[in-house]
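Below, the structure is given as structure tokens:
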């Protein structure tokens with residue numbers, strides 16, 4: 014009962030302010046230090062503001078061409094993966110559901126590995142990962158339609174089977190890849206990283222991400238009805254099956270776009286929605302926006318650690334696994350995880 018009276022507006026405003034502050038601080042961090050006041054001036058100038066130039070061309074290039082695209086993409090990917098995870102958990106009424114439930118990540122990994130094996134450039138690797146990610150979910154959907162029994166169970170089982178198939182394909186590609194050049198590239202991509210992010214990558218990902226996130230936001234109040242059961246939801250005028258399918262498609266779209274530009278970054282879709290639930294409760298009207306902000310903040314913070322902790326950049330997938338695996342153990346060993 015206490016969750017209903019939580020100050021949602023204050024919590025969401027605090028997260029938004031924290032994200033903005035971390036965004037500015039992240040622009041300062043790197044091998045080439047740039048003062049915070051110069052960061053603000055450069056960003057205002059980039060937005061078309063009339064600001065006296067007090068910074069060097071090297072500072073401007075470091076901020077606008079290198080750091081800003083990477084920071085923006087880390088926010089988009091974190092927002093998308095965490096929102097997809099929250100939507101999956103609500104749609105399937107399973108606290109262990111995550112954004113790669115239907116094999117979107119496995120399909121993207123196979124597509125990227127295949128493109129790298131064929132010697133494709135970075136843009137084609139991203140496009141191949143995105144295409145195979147959508148293809149994987151299409152196959153899963155086809156299996157669930159043809160399989161007898163409950164559609165939800167068939168969807169999950171189809172995801173497990175198709176995901177295993179594409180994972181086997183990825184393993185075979187790694188087996189036949191050139192161990193000197195291709196195999197290290199494939200392995201590094203599978204670890205997940207935002208290194209080398211460009212404005213083109215951001216433009217490629219932001220359209221499907223924005224479309225999927227907008228539709229999920231519009232459907233968030235209906236997601237609360239799924240907790241009542243399919244029959245009760247239908248009595249209130251909501252077709253649970255169609256709603257669940259729409260949520261799955263939107264969540265898959267943002268997951269596919271995220272994985273195609275960042276590689277495999279796990280655990281965010283599992284960890285962040287549960288942390289958001291601790292802050293605002295289970296009401297999807299507040300949980301989804303909270304997951305968006307907290308996911309963006311979380312991945313941006315992890316990316317800052319990734320690129321600044323050691324002289325050599327640490328793949329983000331490794332850091333998120335270090336955080337996510339202990340949290341998963343915490344979930345499965347506590348009775349509250351099922352609530």
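Residue numbers (this note's numbering): 14 to 352.
Even for Gly, the Cβ is constructed at its ideal location relative to N, Cα and C.
Range of the contiguous alpha helix (DSSP H) that encloses residue 216: 212-236
- request: For residue 339, name the three-state secondary structure that DSSP assigns.
  value: helix
message: Quick check: the Cα distance between residue 293 and residue 304, rounded to an integer number of angstroms?
response: 10 Å
field: Alpha-carbon to alpha-carbon, residue 73 and residue 110
entry: 42 Å
- prompt: Taking the alpha helix (DSSP H) that residue 70 falls in, what are its first and last residues?
  reply: 70-74
- prompt: Quick one: does the C-beta of residue 106 sit closer than 6 Å to a heavy atom of the ligand FMN?
  reply: Because no ligand of any kind appears in the structure shown, any question about the ligand FMN cannot be addressed here.
- prompt: Thinking C-beta only, is residue 317 closer than 7 Å to residue 60?
  reply: no
- prompt: For residue 109, which three-state DSSP category applies?
  reply: coil
message: What does the Cβ neighbour count give for residue 213, buried or exposed, with the cut at 16 atoms within 10 Å?
response: exposed
field: Length of the line joining the Cα atoms of residue 100 and residue 108
entry: 11 Å
message: Assuming the contact rule is C-beta atoms closer than 8 Å, residue 271 and residue 93 should be a hit. Round their C-beta distance to whole Å, please.
response: 5 Å
task: Round the Cβ separation of residue 310 and residue 32 to the nearest angstrom and send it over; I've been treating them as touching at under 8 Å.
output: 5 Å
message: Residues in the same chain with beta-carbon distance under 7 Å from residue 331, minus the five sequence neighbours each way, listed in chain order, please.
response: 204
field: Close beta carbons around residue 211, own chain, < 7 Å, minus the five adjacent residues each side
entry: 82
query: In whole angstroms, what is the alpha-carbon distance linking residue 157 and residue 167?
result: 5 Å
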